[in-house]
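Peer 1: One structure, pasted below without further comment.
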Amino acid sequence: MILKALGALIFIVGIGLFIGNVSGKFPTFPGLGWLGMFIGGAVYRTGARNA
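First residue of the sequence shown? That's 1 in my numbering, and the numbers climb one at a time after it.
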């Protein structure tokens, strides 16, 4: 349950970083949003498998 919540939170932050990079409102290094969404999805999936 905790891993699913953590994964969802990381995924949401990744979406925010992606939108910030695309819009130019919060530029970071390229790919950080995708990386955040990938890691968040992986953590969520690990939590779902262990539930």
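Using N, Cα and C, we set each Cβ at its ideal position, and we do this for glycine too.
Nothing here was measured: the structure is a model prediction, and the numbers come from that model.
1) Taking C-alpha atoms, which residue in G33, G41 and A5 lies nearest to G16?
2) Give every residue of the same chain whose Cβ lies closer than 7 Å to the Cβ of A48, excluding the five residues on either side of it in the sequence, and list them in chain order.
3) Need the endpoints of the alpha helix (DSSP H) that F11 sits in, please.
4) Ignore the nearest five residues each way along the sequence and tell me which others in N21's own chain have a CB closer than 8 Å to its CB.
Peer 2: On the basis of the data shown:
1) Closest option to G16, Cα to Cα, is G33.
2) The answer, listed in chain order, is K4.
3) Where F11 is concerned, the enclosing alpha helix (DSSP H) stretches over I2 to S23.
4) The answer, listed in chain order, is P27, T28, P30, L32 and G33.
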